[in-house]
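The block underneath contains the structure these notes are about, expressed in structure tokens.
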Amino acid sequence: MDGDEMTRIIWEFIKDKLILPNVDVVLKYFDLGLPYRDRTDDQVTVDSALATRKYNVAVKCATIIPDEARVEEFKLKKMWKSPNGTIRNILGGTVFREPILCKNIPRLVPGWTQPITIGRHAFGDQYRATDFVVNQPGKFRIIFTPSDGSKQKEWEVYDFNSGGCGMGMYNTDESIWGFAHSCFQYAIQKKWPLYMSTKNTILKAYDGRFKDIFQDIYEKEYQSEFEKMKIWYEHRLIDDMVAQVLKSSGAFVWACKNYDGDVQSDILAQGFGSLGLMTSVLLCPDGKTIGAEAAHGTVTRHYREHQRGKPTSTNPIASIFAWTRGLEHRGKLDGNPDLIRFCQTLEKVCVETVESGVMTKDLAGCIHGLANCKMNEHYVNTTDFLDKCMLTADIKVAFSNHPSVGMSTLKKKKAFCILRTVFYFCHFIFYFSAHSS
Numbered sequence: 001m002d003g004d005e006m007t008r009i010i011w012e013f014i015k016d017k018l019i020l021p022n023v024d025v026v027l028k029y030f031d032l033g034l035p036y037r038d039r040t041d042d043q044v045t046v047d048s049a050l051a052t053r054k055y056n057v058a059v060k061c062a063t064i065i066p067d068e069a070r071v072e073e074f075k076l077k078k079m080w081k082s083p084n085g086t087i088r089n090i091l092g093g094t095v096f097r098e099p100i101l102c103k104n105i106p107r108l109v110p111g112w113t114q115p116i117t118i119g120r121h122a123f124g125d126q127y128r129a130t131d132f133v134v135n136q137p138g139k140f141r142i143i144f145t146p147s148d149g150s151k152q153k154e155w156e157v158y159d160f161n162s163g164g165c166g167m168g169m170y171n172t173d174e175s176i177w178g179f180a181h182s183c184f185q186y187a188i189q190k191k192w193p194l195y196m197s198t199k200n201t202i203l204k205a206y207d208g209r210f211k212d213i214f215q216d217i218y219e220k221e222y223q224s225e226f227e228k229m230k231i232w233y234e235h236r237l238i239d240d241m242v243a244q245v246l247k248s249s250g251a252f253v254w255a256c257k258n259y260d261g262d263v264q265s266d267i268l269a270q271g272f273g274s275l276g277l278m279t280s281v282l283l284c285p286d287g288k289t290i291g292a293e294a295a296h297g298t299v300t301r302h303y304r305e306h307q308r309g310k311p312t313s314t315n316p317i318a319s320i321f322a323w324t325r326g327l328e329h330r331g332k333l334d335g336n337p338d339l340i341r342f343c344q345t346l347e348k349v350c351v352e353t354v355e356s357g358v359m360t361k362d363l364a365g366c367i368h369g370l371a372n373c374k375m376n377e378h379y380v381n382t383t384d385f386l387d388k389c390m391l392t393a394d395i396k397v398a399f400s401n402h403p404s405v406g407m408s409t410l411k412k413k414k415a416f417c418i419l420r421t422v423f424y425f426c427h428f429i430f431y432f433s434a435h436s437s
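If you count the sequence shown from 1, position 362 lands on 362 in the UniProt record's numbering, and the numbers rise without skipping.
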């Protein structure tokens, strides 16, 4: 699923330079760039979600969520909804976000020595709510009309004396059930404890429903397996959980409702160093369908610089990991260990590149402070970082012991990889010699 702005440019580089030279794979392409979404009345987004359900694996580029300014900029027919929201509402499931740890990138929360995975419920609540503004006195009521023709139920929410605002939102047992199963399965996969947070002391019925369903499923289906693995499940109030997270060392899965997960995942990303070092995977309730993407946006500010012909230093690591997490899952579904190894190798290359001192400006800023960072001394531009990753990946792949990356083509390409490695090695020697003199 292609996207917008700076991430679209990086996406193409990753696909053409890092993935396709090494993996013989048939890609089903969907252009989720805003102009094409507008041209198809957003049908392309729906089609991409249905294709994900069919093929079980999707890799998605970051996309623009249009506001009033974007509607004017792109001359859109209407203010289209978030493509992520549309896809998640069709597929259901849980968005799991986990930091990518590099030894030399300092953490704002130094006690987080191990990763924390946050599982965000990807359906309903505020993201499918009906909200409104009133400008006069009146009563706000919620009415439920049963489909079987039985008596309506009505709740009076508020009696407005003047203007104000209101909202009605919902969730479903089916969606919460899928959310719970995804979280329990993920915790078992990671061999980590699972915490679920709500504010059920205030929203006794709404959040209480989440709490009760999780507890029921845990006791009936997962408790014995958790106990065998010496891990546990626990519900906590969201405010208590936030405090515990800050005091923890990591190594657990945190299940959050939709809005809580939206907010807390960004806090975790920054606490571990950077939003550019965060994986994001949508795991569907069937346990075999996933959608991988970068956790950040389209990097508009860098795209404006790119349009002016200026070099940018945009962090591509999360986008690379979107490809590797998607392809790794494809390898697991197909029983393809070589493809899995390739993905793991490429991820290690990204981390080792940063740990060797070659990084983009956002990461250099974590170490030196953005005001002190100098190009080619503390950080490199986007293309040079990707070239360095490609160079290192070529070395590791070309001289790997396994004859192919799941397909039959890599062996034929080893000579090409070696030649390209030599070329880029010479290029880098010349480049850094020129800039250091």
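For each residue, glycine too, the CB sits at the ideal point set by N, CA and C.
These numbers were taken from a predicted model, which means no experiment stands behind them.
- Look at Trp155 here: in three-state DSSP terms it is strand.
- In this model, Val354 and Gly164 are separated by some 50 Å (Cα to Cα).
- The way I'd put it, the stretch 145-158 doesn't touch the stretch 95-108; fewer than three beta-carbon pairs between them come closer than 8 Å.
- The C-alpha of Leu275 is placed about 5 Å away from the C-alpha of Ala269.
- Distance between Ile176 and Met359, taken at the CA atoms: about 40 Å.
- Take Thr63, set aside five residues on each side of it, and the residues of its chain with a beta-carbon closer than 6 Å to its own are Gly3, Asp4, Leu32 and Pro83, in chain order.
- Take Ala51, set aside five residues on each side of it, and the residues of its chain with a beta-carbon closer than 8 Å to its own are Lys28, Phe30 and Ala58, in chain order.
- With at least 16 other beta carbons inside 10 angstroms of its own, Asn258 counts as buried.
- For the 8 Å CB-CB criterion, Thr289 and Leu91 form a contact.
- In the DSSP assignment, the residues bridged to Cys165 are Val133.
- Ile14 places its beta carbon less than 8 Å from that of Trp323.
- For Thr198, the beta-bridge partners assigned by DSSP are Leu237.
- With a 10 Å radius around the Cβ and a threshold of 16 neighbouring Cβ atoms, Glu221 comes out exposed.
- Inter-segment contact for the stretch 170-187 and the stretch 278-289 is present: three or more beta-carbon pairs are separated by less than 8 Å.
- Judged by their CB atoms, Arg120 and Met169 are not nearer to each other than the 8 Å cut-off.
- When only Cα atoms are considered, Met229 and Gly166 end up about 46 Å apart.
- When secondary structure is reduced to three states using DSSP, Lys139 falls in the strand class.
- Going by DSSP, Phe96 is part of no alpha helix (DSSP H) but of the beta strand (DSSP E) stretching over Thr94 to Pro99.
- Note: Val397 is not bridge-paired with any residue in the DSSP secondary-structure output.
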